[in-house]
Amino acid sequence: MQVRIDLHTHSRVSDGTDSPTELIQAAKAAELDVVAITDHDTAASWDEAAAAATEAGIELVRGMEISTDYVGHSVHLLAYLPDRTHPPLVAELARILAGRDGRLPLMLTRLARLGIEVSLEDVAAVSGDAAASGRPHLADALVAKGYVRSRDEAFNRYLGAGKPANVSRYAAPLEPMIRTVAAAGGVTVIAHPWGRSGHEQPDEAAISALVDAGLSGLEVDHQDHSPEVREKLRVIARNLDLVVTGSSDYHGTGKVGHHLGVNTTAPAEYERLLERAAAAAAASGRATPEVVR
Ligand code: AMP
Ligand code: ZN
Ligand code: FE
Ligand code: FE
14 MQVRIDLHTH SRVSDGTDSP TELIQAAKAA ELDVVAITDH DTAASWDEAA AAATEAGIEL
74 VRGMEISTDY VGHSVHLLAY LPDRTHPPLV AELARILAGR DGRLPLMLTR LARLGIEVSL
134 EDVAAVSGDA AASGRPHLAD ALVAKGYVRS RDEAFNRYLG AGKPANVSRY AAPLEPMIRT
194 VAAAGGVTVI AHPWGRSGHE QPDEAAISAL VDAGLSGLEV DHQDHSPEVR EKLRVIARNL
254 DLVVTGSSDY HGTGKVGHHL GVNTTAPAEY ERLLERAAAA AAASGRATPE VVR
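Take the sequence shown: its position 235, counted from the start at 1, is 248 in this note's numbering, and no numbers get skipped.
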């Protein structure tokens, strides 16, 4: 019997389209044995997901995907099993969420200049119970108002990097954030390290320095990585003794080609990640969440 493990998924608490309960039920239906919930910059989905996982009989890892900055490059950092009450972590997440909310009016102004009329209320109507309104919610509002047909089109025409309504926002410096998660008793994995951006940064030397700061793994198997990129990252992970993960980055209907289990993590790698999490938890002295079994 093959154990299926997916360590990167989003619910409606960030920019997915399933509630945490629906996400867990979908994971069960996709015949996953282990799933991690990793909403952007928030642990607000954890409690509902944990209750649903117990109910469904699926193993749940509580995590989050933190928006960080590495010398001007956006890096998404997966953090698993940190104490979500660790004050420096709480403070940084609040700052990131505030940054996302704060730039929304600026993006609406840019769109208005292009003759596109979307209001804060229009965005609130689609973002519902999300912890903050990100570009995907603005994209949904553009779809709802008939300006574009899909999130992809909204990013390609208006919201993506270099597009007319794109406004940057605060992201936490990467290396300090790795240390903050470690101090909170959690472990970190760089999400889709070389996805989307098209550049191979951070490179092996930079990743090596991040390992010294406490980095535990690389998400090698991700839809944004070509087979060649995956192979290069696998070599780096081997050289630096990093855990290799593979995940879907599921967003419900919010992202095409990212269905649950499309990439999975090898059971031996998952065990190594949990060992490092246990060591980080012990070293931190903080009360960290257990894996829900
Ligand atoms: P934000 O966090 O508000 O800057 O928005 C970034 C998020 O938008 C990313 O984390 C992705 O989940 C999502 N995203 C980026 N590009 C696209 C795209 N082309 N289509 C749909 N979602 C996207
Ligand atoms: Zn997302
Ligand atoms: Fe990401
Ligand atoms: Fe993600």
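Glycine included, every Cβ here is placed at the ideal spot set by N, Cα and C.
Please read all numbers here as calculations on a predicted model, not as lab measurements.
- Counting along the chain, residue 232 sits inside no alpha helix (DSSP H); it lies in the beta strand (DSSP E) bounded by residues 230 to 234.
- By the CB criterion at 7 Å, residue 51 and residue 90 fall outside the cutoff.
- When secondary structure is reduced to three states using DSSP, residue 75 falls in the strand class.
- Residue 222 has its alpha-carbon roughly 11 Å from the corresponding atom of residue 191.
- The three-state reading of DSSP puts residue 90 in strand, counting E and B together.
- Between the C-alpha atoms of residue 137 and residue 167 there is a straight-line separation of about 17 Å.
- Taking C-beta atoms as the reference points, residue 83 and residue 199 fail to come closer than 7 Å.
- C-alpha of residue 268 to C-alpha of residue 197: approximately 31 Å in a straight line.
- Proximity of the region 257 to 274 to the region 20 to 33 meets the contact definition, three or more beta-carbon pairs being nearer than 8 Å.
- Among the bridge pairs identified by DSSP, residue 201 is matched with 92.
- Residue 186 is bridged by DSSP to 82.
- Here residue 212 is exposed, its C-beta having fewer than 16 other C-beta atoms within 10 Å.
- Residue 205 has its alpha-carbon roughly 7 Å from the corresponding atom of residue 238.
- With a cut-off of 8 Å on Cβ pairs, the region 108 to 120 is in contact with the region 181 to 190, counting three or more such pairs.
- Relative to the Cα of residue 102, the nearest Cα in the group 86, 140, 187 belongs to 187.
- Residue 245 and residue 289 have their C-alpha atoms roughly 23 Å apart.
- DSSP places residue 34 in the uninterrupted alpha helix (DSSP H) bounded by 33 to 42.
- Here the region 153 to 170 does not lie against the region 62 to 75, with fewer than 3 beta-carbon pairs under 8 Å apart.
- In terms of Cα proximity to residue 303, the closest of 73, 121, 14 is 73.
- In this structure, residue 19 sits near residue 277, with a CB-CB distance shorter than 7 Å.
- When DSSP reads this structure, residue 52 sits in a beta bridge with 77.
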